[in-house]
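Reviewing the structure listed below.
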Amino acid sequence: MGASATRPGTPGGSSGGREPGPGGPGSVGQAPAAPPCASALCRPGYGVIGLPDVTAADLASFVPAAPTLTGEPLGLGVAGMPTNLVAAASTQLQSGPLLGYDVTVRFRPVGYRFEHGDGSGASHRAGGATWASLGLADYAATATSHTYAAPGIYRATATVVYEAHVDFGSGAWRPVEGSVTSSATAYDVRVVEVRSALVARTCLEDPAGPAC
């Protein structure tokens, strides 16, 4: 009679249709949440703070001990002959606060500057040694000896140059920019002139004799 019927689920029907399922056509997908980080490097607010650079001017509260200065013969010299000057300094460690950190500072001697008192001077990498320790005879020339030309009293000085390193507690030594100096107490040298003469008797036998 011209009538028609529609089966459920067929096109044109109003019932029996399916809603698109998750992940199916027409669905809106979302990225899965990231798993929590188990590494200590993922701590929130974590940052790296660099250690400060240190200059010699920052070490004002760290002062290396003064070196010592002596000579051979002790307190004396002979004009025209070498006077042996010997300065001594050693590596030193000092601890204390620096730029907000508890640090250890190491001073190591790397140079010696001698002023002889007669207008001359000399720089050396070492402070010198005694004639005996060098196996030399008295009045022998050494690396740090000086020959005074004329009799007189001369005030010799020695200044030690230190290089410095700083340990911020890690065991690693960081170099300090610049150098630190320390001076020894002045050392007076009385330079005499020696004359020789042929005499019949010694000075003990004739204290008033020539050159006695």
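Here the UniProt record's numbering is used: the first residue of the sequence shown is 1, the next is one more, and so on.
Backbone N, C-alpha and C fix where the C-beta goes; we use that ideal spot for every residue, glycine too.
Just so we're clear, the structure is a prediction, and the values are computed from it rather than from any experiment.
C-beta atoms of residue i and residue j nearer than 8 Å
| i | j | result |
| --- | --- | --- |
| L51 | F168 | yes |
| P82 | A140 | yes |
| L85 | G152 | no |
| A56 | S179 | yes |
| residue 213 | R125 | Look at the range of the chain in this structure, 1 to 212, and you will see that residue 213 is not part of it. |
| V63 | R174 | no |
| A79 | A150 | yes |
| R113 | G121 | yes |
| V103 | V166 | yes |
| V160 | T181 | yes |
| P73 | A89 | no |
| residue 213 | Y162 | Outside the displayed range of the chain (1 to 212) lies residue 213, so it cannot be described from this structure. |
| Y154 | G100 | no |
| G96 | S61 | yes |
Range covered by the beta strand (DSSP E) that runs through residue i
| i | result |
| --- | --- |
| E163 | 152-167 |
| D53 | First-last for D53: undefined, no H or E at that position. |
| D188 | 187-192 |
| residue 219 | Because the chain spans 1 through 212 in this model, residue 219 falls outside it and cannot be assessed. |
Local Cβ density within 10 Å of residue i, reported as buried at 16 or more and exposed below that
| i | result |
| --- | --- |
| V189 | buried |
| A87 | buried |
| S145 | buried |
| V192 | exposed |
| L69 | buried |
| P210 | exposed |
| E205 | exposed |
| G75 | exposed |
Under the three-state DSSP convention, the category residue i falls into
| i | result |
| --- | --- |
| A88 | strand |
| L59 | helix |
| L74 | coil |
| S179 | coil |
| L204 | coil |
| S196 | coil |
| P97 | strand |
| P82 | strand |
| T142 | coil |
| S27 | Residue placement at S27 cannot be trusted, given a pLDDT of 49 that sits under 50; the coordinates are not used to answer. |
Near the ligand GTP: residue i beta-carbon under 7 Å from a heavy atom
| i | result |
| --- | --- |
| D118 | Questions concerning the ligand GTP fall outside what the structure shown contains, since it holds no ligand whatsoever. |
Whole alpha helix (DSSP H) elements within the stretch 110-139, 4-residue minimum: 131-134
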